[in-house]
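Undergrad: Provided herewith is a single structure, encoded as structure tokens, for subsequent inquiry.
Protein chains: 2
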Amino acid sequence: MLSIDKTLGALADPTRREIIAQLNVGEQRVSDIAEPHQMSLNAVSKHIKVLEDAGLLIRRREGRTHYLSFRPDGLEPAAEWIERTRAMWARRLDALEAALVADESEK
Amino acid sequence: MLSIDKTLGALADPTRREIIAQLNVGEQRVSDIAEPHQMSLNAVSKHIKVLEDAGLLIRRREGRTHYLSFRPDGLEPAAEWIERTRAMWARRLDALEAALVADESEK
DNA sequence: ATTTTATTCAACCATATAGTTGAATAAAGA
DNA sequence: TCTTTATTCAACTATATGGTTGAATAAAAT
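First to last, the sequence lines map onto chains U and H. Quick note: the first sequence uses the working numbering, first residue 32, plus one each step. Quick note: the second sequence uses the working numbering, first residue 32, plus one each step.
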């Protein structure tokens, strides 16, 4: 469903953000992704599943090995919410400043 | 410490994002924030504390009542990470396209 | 001085999360 | 065929999260 809850929840973990960073060099196998981490392969496999479920990763199976890659579109729900919220506040602050300027010229 | 873990974790909950949206009209008391939610005042008070701890809200005390307001700067760690990741991929995709175009002109 | 109002603190509960280990599955290599 | 390799599944543990209720605190109103 690509929900914003899932997206932000998935990103709120340093191991998972690190996994995304690792995939900048291109698709990788589960074991490759796991290798640099100080935790079991199984733990990493679970993190991968969370990211996949959030729409941030896609999996390509080739025989027994699974290749994961980052799916940039998965960031959209989170990016959109943050940008919308920022924009709303930029407008609020602009309005505030405009009001101050108007007040100044009324003197 | 304004960590990105805390920021994203705080945003990954619909009630908390709703609280931020509510504060668009300006600062509000804890009870005002709680009023439209289908949960106890205490639950909302906890959510407020999570947002505050993540640097997304600031609290101004006036006697017994606490006024909360949104702190747009609190979004920066999350926004920055997302934008940086997006940018990295935009470059990757651009490079890919450039390679394809170069390949095409070699025919 | 007493009561009401605004809010937090504390204890508790249910469920989710992040990790573990060990077994299961299934493809590849000997 | 037998063994190794790549990965998931299942069961379990510890801690975190999101909610509850009831008591504590402290300021405001009567």
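Even glycine gets a Cβ: it sits at the ideal position worked out from N, Cα and C. Nothing here was measured: the structure is a model prediction, and the numbers come from that model.
Where do the N-terminal and C-terminal ends of the alpha helix (DSSP H) with E49 of chain H fall, by residue?
TA: Segment P45 to Q53, the alpha helix (DSSP H) holding E49 of chain H.
Undergrad: Please name the residue, chosen from U:L54, U:A65 and U:I79, that lies closest to F101 of chain U on a Cα-to-Cα basis.
TA: Among U:L54, U:A65 and U:I79, the Cα nearest to that of F101 of chain U belongs to U:L54.
Undergrad: Would you report the Cα separation of M119 of chain H and I79 of chain U, rounded to the nearest angstrom?
TA: C-alpha of M119 of chain H to C-alpha of I79 of chain U: approximately 20 Å in a straight line.
Undergrad: Along the stretch 93-116 of chain U, what residues have a CB closer than 8 Å to any CB found in chain H?
TA: Residues of the stretch 93-116 of chain U with a C-beta less than 8 Å from any C-beta of chain H: F101, P103, L106, A109, A110, W112, I113, E114 and T116, listed in chain order.
Undergrad: Looking at the unbroken beta strand (DSSP E) that takes in L99 of chain H, where does it start and where does it end?
TA: Where L99 of chain H is concerned, the enclosing beta strand (DSSP E) stretches over T96 to F101.
Undergrad: Answer yes if the stretch 62-78 of chain U comes into contact with the stretch 68-77 of chain H, meaning at least three C-beta pairs across the two stretches below 8 Å, and no otherwise.
TA: no
Undergrad: In three-state DSSP terms, what is E93 of chain H?
TA: strand
Undergrad: Could you give the distance in angstroms between the alpha-carbon of G57 of chain U and the alpha-carbon of I89 of chain U?
TA: 12 Å
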